[in-house]
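Undergrad: Sharing a structure below in structure tokens format, with a few things to ask.
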Amino acid sequence: MYGEPELREIADRSEWEARSRLLSSRGLSLPEDSRQLAGTSGILALGLFEGEKLIATGSLIDGILQGIAVDAEEEGSGAAAKILTGLIKRASARGQRHLFLYTKPAEAPRFASLGFVLLAETELGGELAGMNAALLEWGPDNIAAYREGLQKCAMGRPDGAGIIVMNCDPFTLGHRWLIQKAASESPWLYILVVEEEASVFPFAGRLAMVREGCAGLSNVTVIAGGPYAISRATFPDYFLKADALPGSGMTGRKPEAIALVHAALDLELFKRHIAPSLKARVRYAGEEPYSPTTAMYNGLMRDILEKPALSSPADACARNAAGCPDWNLRIRILPRFEIGDKPVSASAVRRALAEGASADALIPESTRRWLSSPEARPVLEKLRAGRISASADSAAERNDSSPRQSCSH
Amino acid sequence: MEAQRDAVAGSLESSDVLVTVSKDAGSGVKIDIDSVVKKQYGKRIQSVTEEVSSKLGLKGAKIKVQDRGALECTLRARLETAIERATASA
Chain U
2 MYGEPELREI
12 ADRSEWEARS
22 RLLSSRGLSL
32 PEDSRQLAGT
42 SGILALGLFE
52 GEKLIATGSL
62 IDGILQGIAV
72 DAEEEGSGAA
82 AKILTGLIKR
92 ASARGQRHLF
102 LYTKPAEAPR
112 FASLGFVLLA
122 ETELGGELAG
132 MNAALLEWGP
142 DNIAAYREGL
152 QKCAMGRPDG
162 AGIIVMNCDP
172 FTLGHRWLIQ
182 KAASESPWLY
192 ILVVEEEASV
202 FPFAGRLAMV
212 REGCAGLSNV
222 TVIAGGPYAI
232 SRATFPDYFL
242 KADALPGSGM
252 TGRKPEAIAL
262 VHAALDLELF
272 KRHIAPSLKA
282 RVRYAGEEPY
292 SPTTAMYNGL
302 MRDILEKPAL
312 SSPADACARN
322 AAGCPDWNLR
332 IRILPRFEIG
342 DKPVSASAVR
352 RALAEGASAD
362 ALIPESTRRW
372 LSSPEARPVL
382 EKLRAGRISA
392 SADSAAERND
402 SSPRQSCSH
Chain S
17 MEAQRDAVAG
27 SLESSDVLVT
37 VSKDAGSGVK
47 IDIDSVVKKQ
57 YGKRIQSVTE
67 EVSSKLGLKG
77 AKIKVQDRGA
87 LECTLRARLE
97 TAIERATASA
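For the record, the sequence lines run as chains U and S. Sequential numbering from 2 applies to the first sequence in my numbering. Sequential numbering from 17 applies to the second sequence in my numbering.
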């Protein structure tokens, strides 16, 4: 009313505490609480102050806008717009042009009207209905450009292709077996190599290993995954209220519930944008040792990706910014490749390399060649020195460059 | 003049407009308009944006205009500021 409220970075301890109280009053937890911040770009937290009083706040962590809250009494006064503008401008000054925002589906239209593009939202029912999430993005490099890139890769290639989304950290005989099996039963097969993941081996190296490993297969195309595979490491859960989890049965297992919402959102993105752009109808996956939640995860994949109804044709979806919410796919889960009764896993290879032992029995010749190359040396040294964990739970490095597609052939 | 960097001017507040100019691979200027009054003023916003970017000789850029009901003079001012920031040489 008298004078403009002041927008500035949250600085001292009392301001951090005020921010904490404000978030809590709106039913949100601290974004940084449940995530490791080591190795990320840190947290940028802004506050809108009326005199000494904090009336709104918002944060930017790893290119993700989160923790946006306005004091209940100030709602509708444009405080959220001020906070968002401040975050967008500061991000731009840091060269971060591609921003993501996670929120509850009910809040999504508010951000869409400010220029954010809705990418996907979950439609979970039953026990998880209170935990639905929506993902939006901001910036000149967007999902439309990414989809165009995928459509170019798929041009002239058959409909009904298969897709495998893989990390390959590094590329093992198990990966190759899965790819060969899938390729043998598909008109065409696309391998999406995940960029945004907590990986030991850098993306460029993993992509090279996969391409080398697929060299002999004539109906396989290897594609850079782009920024749209939602990393578990960067998935924020601060807006998923603990008390939205129904029944005491789920409360103690909150991390699993969050993992499911994250998986659901990732699958929605896949269904709406990635699969239709590649004209793909089958998603392949290797059996995941997910223990108690495996059945629930597989069920989720079937609920989200396999729909009984007819779905829209690919070209109609291409014109719709929100993608194809009803593109249906089949899931094909293949058993893990084993050598002598033991599944061949990338973590087993990393462990062997960390111990200075040979992993040759578990990897194809192409991976062995890459591991002997100069690019591999710094990673192998770090693994052996124990500076990066072979179990790779380190925080993901957010990739801020524009989505790029490069088809292998 | 080529866009050297990304630049932002204005705000998302009511009656203002947020203009983002970003470096783009091509040599032309791609324009993306969103407005709370898109039906009534969309065309006018588009032509003003084309006019200002052309007058300042902008090349190799994407302009995103997120209009929240700004007056034309406000739009022009924001466009000029963002383009000048994006094309400044140092």
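The beta carbon of each residue, even a glycine, is placed where N, CA and C say it ideally should be.
Considering only residues of the same chain and omitting the five flanking positions on each side of alanine 162 of chain U, which have a CB-CB separation below 8 Å?
TA: Cβ neighbours of alanine 162 of chain U beyond the five flanking positions: Ala155, Ser187, Pro188, Trp189, Leu190, Tyr191, Leu279, Lys280, Ala281, Arg282, Val283.
Undergrad: Across which residues does DSSP place tryptophan 139 of chain U in a beta bridge pair?
TA: DSSP lists U/Leu100 as partners of tryptophan 139 of chain U.
Undergrad: Is it true that the CB of leucine 363 of chain U sits closer than 8 Å to the CB of leucine 179 of chain U?
TA: No, they are not a contact pair.
Undergrad: So, at 6 Å on beta carbons, what are the nonlocal neighbours of valine 221 of chain U in its own chain, with the 5 sequence-adjacent residues on each side left out?
TA: Ala184, Leu190, Cys215, listed in sequence order.
Undergrad: Can you find the residues in the same chain that come closer than 6 Å, C-beta to C-beta, to proline 344 of chain U, ignoring five residues on each side of it along the sequence?
TA: Arg337.
Undergrad: Could you give the DSSP three-state label for glutamine 152 of chain U: helix, strand or coil?
TA: Note: glutamine 152 of chain U maps to helix in three-state DSSP.
Undergrad: Which of helix, strand or coil does DSSP assign to serine 105 of chain S?
TA: Correct three-state label for serine 105 of chain S: coil.
Undergrad: Only counting the same chain, and skipping five residues up and downstream in sequence, which positions put a Cβ closer than 8 Å to that of methionine 210 of chain U?
TA: Cys169, Pro171, Phe172, Phe202, Ser367, Thr368, Trp371, listed in sequence order.
Undergrad: Using a cut-off of 8 Å between C-beta atoms, extract the partners of lysine 105 of chain U located in chain A.
TA: In the structure shown, chain A does not exist; the protein chains are U and S.
Undergrad: Between the C-alpha atoms of serine 128 of chain S and arginine 14 of chain U, what's the straight-line distance to the nearest angstrom?
TA: The requested residue 128 of chain S is not part of the displayed model; chain S covers only 17 to 106.
Undergrad: Compare the C-beta of leucine 28 of chain S against all C-beta atoms of chain U and say whether one is closer than 8 Å.
TA: It does: the Cβ of leucine 28 of chain S has a partner Cβ on chain U nearer than 8 Å.
Undergrad: Can you say whether glutamine 67 of chain U is buried or exposed, counting buried as having 16 or more other CB atoms within 10 angstroms of its CB?
TA: Burial call: buried.
Undergrad: Can you say whether valine 53 of chain S is buried or exposed, counting buried as having 16 or more other CB atoms within 10 angstroms of its CB?
TA: With fewer than 16 other Cβ atoms within 10 Å, it is exposed.
Undergrad: In three-state DSSP terms, what is aspartate 48 of chain S?
TA: If DSSP states are grouped into helix, strand and coil, aspartate 48 of chain S belongs with the strands.
Undergrad: Flag this pair as touching only if the stretch 15 to 23 of chain U and the stretch 78 to 87 of chain U have three or more C-beta atom pairs under 8 Å; answer yes or no.
TA: Counting Cβ pairs under 8 Å, fewer than three are found: no touch.
Undergrad: With DSSP collapsed to three states, give me the class of methionine 167 of chain U.
TA: Methionine 167 of chain U falls in the strand class under three-state DSSP.
Undergrad: Hey, quick one: how far does the beta strand (DSSP E) through lysine 78 of chain S stretch, first residue to last?
TA: That run of the beta strand (DSSP E) goes 77 to 83.
Undergrad: Could you work out which residue in U/Pro110, U/Leu49, U/Glu149 is closest to histidine 274 of chain U when comparing CA atoms only?
TA: Measuring from the Cα of histidine 274 of chain U, the nearest candidate turns out to be U/Glu149.
Undergrad: Using a beta-carbon distance below 8 Å, is valine 24 of chain S in contact with chain U?
TA: Closer than 8 Å to some Cβ of chain U, the Cβ of valine 24 of chain S qualifies, so yes.
Undergrad: Measuring straight from C-alpha to C-alpha, what distance separates glutamine 20 of chain S and phenylalanine 204 of chain U?
TA: Their Cα atoms are separated by approximately 28 Å.
Undergrad: Report the residues of the stretch 67 to 99 of chain S with a CB closer than 8 Å to any CB of chain U, ordered along the chain.
TA: Going along the stretch 67 to 99 of chain S in chain order, one finds Lys78, Lys80, Gln82, Arg84 with a Cβ nearer than 8 Å to chain U.
Undergrad: Would you verify that the beta carbon of serine 38 of chain S is, or is not, closer than 8 Å to some beta carbon of chain U?
TA: So yes, serine 38 of chain S belongs to the interface.
Undergrad: Out of U/Ser30, U/Glu257, U/Glu10, point me to the one whose CA is closest to glutamate 128 of chain U's CA.
TA: The candidate whose alpha carbon is nearest that of glutamate 128 of chain U is U/Glu257.
Undergrad: So serine 93 of chain U contacts chain S; which residues on that side make the cut at Cβ distance below 8 Å?
TA: The answer, in chain order, is Asp22, Ala23, Val24, Thr36.
Undergrad: For the alpha helix (DSSP H) containing threonine 65 of chain S, name the first residue and the last one.
TA: Element bounds for threonine 65 of chain S: 54 to 71.
Undergrad: For valine 57 of chain U, count the other beta carbons within 10 Å of its own beta carbon; 16 or more makes it buried, fewer makes it exposed. Which is it?
TA: Per the sequence presented here, residue 57 of chain U reads as alanine, with valine not at that position. Buried is the call here.
Undergrad: Hey, how far is the Cα of glycine 126 of chain U from the Cα of leucine 136 of chain U?
TA: Distance between the alpha carbons of glycine 126 of chain U and leucine 136 of chain U: 18 Å.
Undergrad: Using a Cβ-Cβ cut-off of less than 8 Å, give me the residues of the stretch 141 to 158 of chain U that come near chain S, in sequence order.
TA: Here the close residues are Pro141.
Undergrad: Return helix, strand or coil for glycine 175 of chain U, following the three-state DSSP convention.
TA: Three-state DSSP puts glycine 175 of chain U in a helix.
Undergrad: Apart from the five residues just before and just after glutamate 10 of chain U, which ones in its own chain have a Cβ nearer than 8 Å to its Cβ?
TA: Taken in chain order, the residues that qualify are Leu45, Ala46, Leu47, Gly48.
Undergrad: Where proline 110 of chain U and proline 326 of chain U are concerned, what is the direct C-alpha to C-alpha distance, given to the nearest angstrom?
TA: The straight-line gap from Cα to Cα measures roughly 17 Å.
Undergrad: What three-state label does DSSP hand valine 211 of chain U in the structure shown?
TA: Here valine 211 of chain U sits in helix by DSSP.
Undergrad: Distance, Cα to Cα, glutamate 74 of chain U vs proline 6 of chain U?
TA: Going from the Cα of glutamate 74 of chain U to the Cα of proline 6 of chain U covers about 14 Å.
Undergrad: Check each candidate in S/Tyr57, S/Val35, S/Gly26, S/Thr90 and name the one with the smallest Cα separation from valine 81 of chain S.
TA: Valine 81 of chain S has its Cα closest to that of S/Val35, out of S/Tyr57, S/Val35, S/Gly26, S/Thr90.
Undergrad: Which residues bound the alpha helix (DSSP H) around glutamate 1 of chain U?
TA: A query on residue 1 of chain U cannot be resolved here, the shown segment of chain U reaching from 2 to 410 and no further.
Undergrad: Determine, using beta carbons only, whether histidine 99 of chain U and glycine 59 of chain U come nearer to each other than 8 Å.
TA: Result no, Cβ atoms of histidine 99 of chain U and glycine 59 of chain U do not sit closer than 8 Å.
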